[in-house]
Amino acid sequence: MSVKDVRRSTRTRKLTEKAMENREEDLEGRFYSEHLDILTILNDTDKLLSLVPINDDELSLRKSDISARFDSLQRVADELEEIQGETNKDIAKHLNELSPIIVDMISKIVTAVSRKEPSVTKEPSFSKKSTASKISKTSTISSKKAVVAAETAALHEKLAAQRRQNERQSELERLEMDEDARRKEASFKMKQLRREIEEERLQGQLKAQEAMMRAYEQEEDDGASSVTMRSSRQLIRSPEHVNGATIVKEINSQEYGISRADDDPLPSDQKSPKTKALNPETPVFHPVCSSNMAQQNDGLIEALARTMTLSRLPIPEPPIFMGDPLQYPDWLSAFTTLIECRGIPVGERIHYLRRYIGGPARDAVSGFFLLRSEKAYEQTRRVLEERFGNPFTISEAFRSKLDTWPRIGNKDPKGLQKLSDFLQQCLIIIASSEIKDLDILNDMREMSKICTRLPDWIVHRWNRIVAKLKKGSGRYPSFEDFVSFLAEEADVANDPHVTYEATKTGQDRDQHIQIQDENEEAASRQQRITFSTAGKTSTTQKTCIFCERQYHELDECSEFSRKSMEQKREFVKKGGLCFGCLCRGHISKECPKRSECKICSKCHPTSLHDETFKEPTSEGKHDKQETQSTNLREKTSISGRDGDTYNT
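In structure tokens, the structure reads:
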């Protein structure tokens, strides 16, 4: 045997955590598989015992097989218990239920075999009476002995199984007691640690207060010493106290409160305090510790003020994710910053995750909320990432929103600004290189699709830029150039000084002032008319002919706009209204002032805008005009309103 083999044999191999988990899963699968096999063999053996001709060899083999399989099952359970460090309650339950069944089956096999042995010894031929009686007596005794032996073996098996069960139960109780003791000890240590932390906090506050008190006392002492120094200088400079001894006596008498004559000698038992002559030229002493302490106090006060200011701010929270792939990157960044990065335990993160998701997102991961393992949070995050954070899903959501973006009217600056902001978001994602599928927006065909959503005047300006760039550098503009151009146009269109709404508001204001002046002039000329007549000449209020309410017209009625296009047209025809301005007294062909649609900027009321209408070709228009002229010639002239046609 080589040295390498010796080293391998003496080395203690320790499985990793992953290997331990795999081994544990294999043993559990093996246990349940062998348990199922034993139950199947027991069932077959029971059927075999019910047969009239009993096969001794088969029963003996079954007995040995059952014993061997049960021993193997116990070894698997012991090995699994050694790996887990505790008794598996489910496996122990299966063993306890299976043990008496096996003992009973073995006893049945022994009894059946022992009963069949004397029957084999019987002779089918005629024999003497004494020989038959001896054989019968011998078989009876053998049968009883076999039964007693089987019962004894069964009792031994039951006793051994009960002992093993009692040992495992005792071990389990001991482990539970140890676990309770560890928990109580940990709880006691945690409480003690909290008390120590609170005590240290109070000691810190006390030290801070003492430091502030010392600083204030030091400042008071500095002020008193400076006053004493100034008084001493005055005494030295005065002509009446030139002698140093006199100055010392004066200071000592002031300091110690002694009032006596200068010539009185000191008593023999009293010693004069140690004094020194003062130097009037010495500068005033300023202690350095007081300024440092003041700076520390200022720093503490500033930190306390900053903490109080931060505590008054609202607590930031991530938004609730409802399943929109466009909002997933923003939500993931907020949730990671505000929840995951704060050291929250893994078992609690799934509860925060459930708090900040809803709609289809919650439906997709609702099953993981029932799990109690720590892997539930990771599995939930993985499902959300695969379902809503997939780059293909996000890019498809961006492109779908662009494809379904409504057309922007010529006088809709707000809609233009919304499209510009959305394209800015697409440009940021392309620049970050996180979603590479959006690079297709740099293609000229994709930008042409976006141009179909823009007003005509912006498309004309963009075409000029494209032609200029192709002529100068020989390339088509990039998506970044297109977004920059659209952002500039949106800023200009939303400028409050040059917008269409501001100009229209000024015109309406001038018209209102002019009408008000005319009304005042008419009222001054008609002072003698009655109240009813005056009411007719006053300014007419807007009244809707559909809902019969004031302050809005038919084109602005919300109830009328909710009707279908067929119902709207039927109401206009029955009411004798013009399809061009929704007024009475004329038809659409003779309309003097057609309304302008706020959606497509064409000459028809906004409430009659039809999204499903498609403009016919030139040939179709010519054929339609000929058909209409023919129909008009054939119709009678009873009413001109029924022949009106309406195109969006």
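Just so we're aligned, residue 1 is where the sequence shown starts under UniProt numbering, counting upward by one.
Just so it is clear, CB atoms sit at the ideal spot from N, CA and C, and this is done for glycine as well.
For Phe-579, the secondary structure class from DSSP, reduced to helix, strand or coil, is coil. For the pair Ala-376 and Ile-350, the CB atoms are nearer than the 7 Å cut-off. Note on Pro-325: 16 or more other CB atoms within 10 angstroms of its CB, so buried under the neighbour-count rule.
Taking the C-beta atoms as reference points, Thr-606 is found nearer than 7 Å to Lys-598.
Nearest to Phe-31 by alpha-carbon distance, out of Ser-64, Ser-60, Asp-71, Leu-49, is Asp-71. Taken atom to atom, the span from the alpha-carbon of Val-103 to that of Leu-36 is near 17 Å.
Taking a C-beta distance under 7 Å as the contact criterion, Leu-59 and Val-113 qualify as a contact pair. Of the residues Leu-51, Arg-445, Asp-443, Ile-91, the one whose Cα lies closest to the Cα of Gly-29 is Ile-91.
Take the alpha-carbon of His-586 and the one of His-460: they are about 37 Å apart. Cα atoms of Gln-74 and Ala-68: separation of roughly 10 Å, rounded to the nearest angstrom. In this structure, Met-447 sits near Phe-482, with a CB-CB distance shorter than 7 Å. Per DSSP, the beta bridge partners of Arg-584 are Leu-577.
One thing to note: Phe-388 has its Cβ no nearer than 7 Å to the Cβ of Tyr-476. Distance from the Cα of Pro-345 is smallest, within the candidate group Leu-80, Glu-374, Pro-318, for Glu-374. Judged by DSSP in its simplified three-state form, Ile-357 adopts strand. Per DSSP, Arg-382 is one residue of the alpha helix (DSSP H) stretching across 375-388. Residue pairing for Phe-321: DSSP places it in a beta bridge opposite Ile-357. In the three-state reduction of the DSSP assignment, Ile-41 falls in the helix class.
Leu-155 is classed as exposed because its beta carbon has fewer than 16 other beta carbons within 10 Å across all chains shown. Nearest to Glu-151 by C-alpha distance, out of Ala-181, Glu-596, Lys-18, Ile-106, is Ile-106. Sixteen is the threshold: since fewer than 16 other Cβ atoms of the shown chains lie within 10 Å of the Cβ of Thr-307, the residue is exposed. Per DSSP, reduced to three states, the secondary structure at Glu-17 is helical.
Taking the CA atoms as reference points, Pro-319 sits about 12 Å from Tyr-352.
DSSP places Lys-47 within a helical segment (H, G or I) once states are collapsed to three. Bounds of the alpha helix (DSSP H) holding Lys-470 are 456-472. In the assembly as shown, His-604 is a buried residue. Its beta-carbon has 16 or more other beta-carbons within 10 Å. Residue range 56-84 is occupied by the alpha helix (DSSP H) that includes Asp-57. When only Cα atoms are considered, Ser-50 and Gln-379 end up about 53 Å apart. In this structure, the straight-line span from the alpha carbon of Ile-450 to that of Leu-402 is close to 7 Å. The residue from Lys-207, Ala-493, Phe-546 with its alpha-carbon nearest to that of Lys-574 is Phe-546.
Under the three-state reduction of DSSP, Trp-405 is assigned to coil, being neither helix nor strand.
Counting the other CB atoms within 10 Å of its CB gives Ser-595 a total of 16 or more, which places it among the buried residues.
In the displayed model, Arg-362 falls within a helix according to three-state DSSP. CA-to-CA, the gap between Lys-418 and Asn-22 works out to about 55 Å.
The residue from Leu-384, Gly-347, Gly-343 with its alpha-carbon nearest to that of Arg-362 is Leu-384. Within the same chain, Cβ atoms closer than 7 Å to the Cβ of Ser-601 are found at Gly-409, Asn-410, Lys-411, the five residues on either side in sequence being excluded.
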